[in-house]
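> Take 866 as the starting number for the sequence shown in this note's numbering and just add one per residue. Cβ coordinates follow ideal geometry from the N, Cα and C atoms, glycine included. Please read all numbers here as calculations on a predicted model, not as lab measurements. Just passing along the structure, written as structure tokens.
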Amino acid sequence: MLRSNKWLLALAGVLAGLLAGEAGLRLIAPQVYRRPPVWEFDPELGWRHTPGASGWLVSPEFSVEYRINAVGLRDREVVPEKAPGRQRILCFGDSFVEGWGVAQEERVSEGLQRLLGGAEVVNFGVAGYGTDQEWLLFEKMGQQYQPDWVVLFFYGNDLWTNNSRQGIGAERGFKPIFELVDGDRLRLSGVPVKKTGFWEPGTMPWRRRLESWLQQHLHLWALARKGLAPEVPAPQQQRYYQGLYGGGASEGAAQWELTGRLLEAFGRSVKGVGGRLLVVYVPALVQIEEDDWKMKRELHGLAGEYDLQKPQRQLQRLAATYQLDFLDLDTVFAAEGRSRALYFRDSHWNPAGHALAARTIASRLPSTGPGAAESRP
């Protein structure tokens, strides 16, 4: 009896410690990430927003509501027909444009609309998309919205997404991919996209479903998983940084060539409906904050020479080759970033980052009026 009581007391002590640890993490250092159920499988694009869906995106740094409109955009309700005399601007990109971590009204697209007077700005951002999916989304849906301008945001990992058959870091399964044929012709493959169990949680083994629930609700569990296994293995991180910032001229050459052809095709599609494409380079946190780059080099064992300005130079070269308007946000972000934070620690823009991007882009676009796409900023 005495031995049983000791075991019960020990068990109670362990449980009390776990509960105290969980409560402490929730208050002081939250660990869980929880995505809202607002994405669904799409056989042409890989995934898309679910029309009419809503939910909350939760991380250690933020908790924001997502509301998807009737046509599948994280935006207000908007009709394809443009109001007479009103300029319309479409924003395409990945989680930066979608507004990962910020309220809808804090995003770069809403900032642009406020700054450009009578212009109407529509947000087509979808987390995890590459340039290829963004172009396909424009062809499928965006061109109906009669744009004067399309602002296409490019972030470094788009280079790899464009060359991958699966979503990178998003667990969203397979995606379409383009291949270069005869050196310059794009050929689409991987469609219809293969559907994985990620899109049907009910079909997953009960153990994986339990682990997923624990990961999204228990801070102690999330902390333990983070300590035992990094989300992205070190060798994969090393290949990513070497390909994007590696000092060699040949590093990533084939990937950039494919990306250039996608930009060319996107620009041609926009021009075909009477609009104009502006390509905007989104700088990475490692390019803006020196301490973050030092931390990443140590954390991932990044040895050798790196050129942190390489991505925007490559993108600027491609924009010049294919006669596209180009804007590099790096300089203004580097200057502003010396005095205040523009990013969350998860590498996405915070509200200040979105506001700065909106001001910088607005200075390159006409404010309002029909035929605005004809005047060069």
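For the ligand MG, I want to know if asparagine 1022 counts as a neighbour, meaning its beta carbon is within less than 7 Å of at least one of the ligand's heavy atoms.
No copy of the ligand MG appears in this structure; indeed no ligand is present at all.
> Pull up the distance between the alpha-carbon of glutamate 905 and that of aspartate 959, whole angstroms please.
Taking the sequence shown and counting its residues from 1, one reaches residue 905 at position 40. Taking the sequence shown and counting its residues from 1, one reaches residue 959 at position 94. Spanning the two alpha carbons is a distance of roughly 15 Å.
> Which residues share a DSSP beta bridge with aspartate 1193?
Numbered from its first residue, the sequence shown carries residue 1193 at position 328. DSSP, once it has assigned bridges, lists Tyr1146 as partnering aspartate 1193.
> With a Cβ-Cβ cutoff of 8 Å, do tyrosine 1208 and leucine 1150 count as a contact?
Numbered from its first residue, the sequence shown carries residue 1208 at position 343. Numbered from its first residue, the sequence shown carries residue 1150 at position 285. Cβ distance < 8 Å, so tyrosine 1208 and leucine 1150 count as in contact.
> In angstroms with no decimal places, state the Cα-to-Cα distance between glycine 886 and proline 1216.
Start at 1 with the first residue of the sequence shown, and residue 886 comes out as number 21. Start at 1 with the first residue of the sequence shown, and residue 1216 comes out as number 351. Interpretation of glycine 886 is limited by its pLDDT of 48, a score under 50 that renders its predicted location unreliable; the figure taken from the coordinates is listed afterwards. The alpha-carbon atoms of glycine 886 and proline 1216 are separated by roughly 31 Å.
> Sorted by chain position, which residues of the same chain lie with C-beta nearer than 7 Å to glutamine 1181's C-beta, five sequence neighbours on each side aside?
As a first step, residue 1181 is located in the sequence shown; it is residue number 316 there, counting from the start. Answer for glutamine 1181: Phe1191 and Asp1193, listed in chain order.
> Restricting to Cα atoms, I'd like to know which of Arg953, Glu975, Arg932 and Val944 is closest to glycine 1218.
Along the sequence shown, one-based indexing puts residue 1218 at 353. Measuring from the Cα of glycine 1218, the nearest candidate turns out to be Glu975.
> What is the residue span of the alpha helix (DSSP H) that arginine 1104 lies within?
Along the sequence shown, read from residue 1 onward, the residue named residue 1104 stands at position 239. Start and end: 1099-1110.
> Please classify glutamate 1170: is it buried, with 16 or more other beta-carbons within 10 angstroms of its beta-carbon, or exposed?
Counting from 1 along the sequence shown, the entry for residue 1170 is found at position 305. By the 10 Å Cβ count, glutamate 1170 comes out exposed.
> Starting from glutamate 930, follow its DSSP beta bridges and name the residues at the other end.
In the sequence shown, residue 930 corresponds to position 65, counting from 1. In DSSP, glutamate 930 forms a bridge with Trp921.
> Within the continuous alpha helix (DSSP H) that includes valine 1135, where are the two ends?
For the purposes of this step, residue 1135 is identified with residue 270 of the sequence shown, where counting begins at 1. 1118-1137 is the span of the alpha helix (DSSP H), which, as asked, contains valine 1135.
> Helix or strand or just coil, what does DSSP make of aspartate 997?
Numbered from 1 along the sequence shown, position 132 holds the residue referred to as residue 997. Three-state DSSP puts aspartate 997 in a helix.
> Would you mind reading off the limits of the alpha helix (DSSP H) that contains histidine 1219?
The residue labelled residue 1219 in the question sits at position 354 within the sequence shown. Unbroken alpha helix (DSSP H) run through histidine 1219: 1216-1227.
> Please state if the CB of phenylalanine 1198 and the CB of tryptophan 1000 are separated by a distance shorter than 8 Å.
Taking the first residue of the sequence shown as position 1, residue 1000 is located at position 135. Taking the first residue of the sequence shown as position 1, residue 1198 is located at position 333. Against a cut-off of 8 Å, the Cβ pair of phenylalanine 1198 and tryptophan 1000 comes out as no contact.
> Considering just the uninterrupted stretch of the alpha helix (DSSP H) at leucine 1051, what are its terminal residues?
The residue given as residue 1051 occupies position 186 in the sequence shown. First-last for leucine 1051: 1050-1054, but that is the beta strand (DSSP E), not the alpha helix (DSSP H).
> Is it true that the CB of proline 1176 sits closer than 8 Å to the CB of leucine 1109?
Indexing the sequence shown from 1 puts residue 1109 at position 244. Indexing the sequence shown from 1 puts residue 1176 at position 311. Yes, the Cβ-Cβ distance between leucine 1109 and proline 1176 is below 8 Å.
> Less than 8 Å between C-beta atoms, sequence neighbours within five positions excluded: which residues of the same chain meet that for serine 1029?
For this step, residue 1029 is matched to residue 164 along the sequence shown. Result list for serine 1029: Gly995, Lys1040 and Ile1042, in chain order.
> Count the other CB atoms, across all protein chains shown, that sit within 10 Å of the CB of glycine 993; report buried if there are 16 or more and exposed otherwise.
For the purposes of this step, residue 993 is taken as the residue at position 128 of the sequence shown. Glycine 993 should be labelled buried.
> Can you tell me whether glutamate 975 is helix, strand or coil according to DSSP?
Locating residue 975 in the sequence shown gives position 110, where the first residue counts as 1. Helix.
> I need the DSSP call for glutamine 1179, collapsed to helix, strand or coil.
If you number the sequence shown from 1, residue 1179 lands on position 314. Note: glutamine 1179 maps to helix in three-state DSSP.
> With histidine 1165 as the anchor, note down where its beta strand (DSSP E) starts and where it stops.
In the sequence shown, the residue the question calls residue 1165 occupies position 300. Looking at the DSSP string, histidine 1165 is not in any beta strand (DSSP E); the run it does join, the alpha helix (DSSP H), is 1155-1165.
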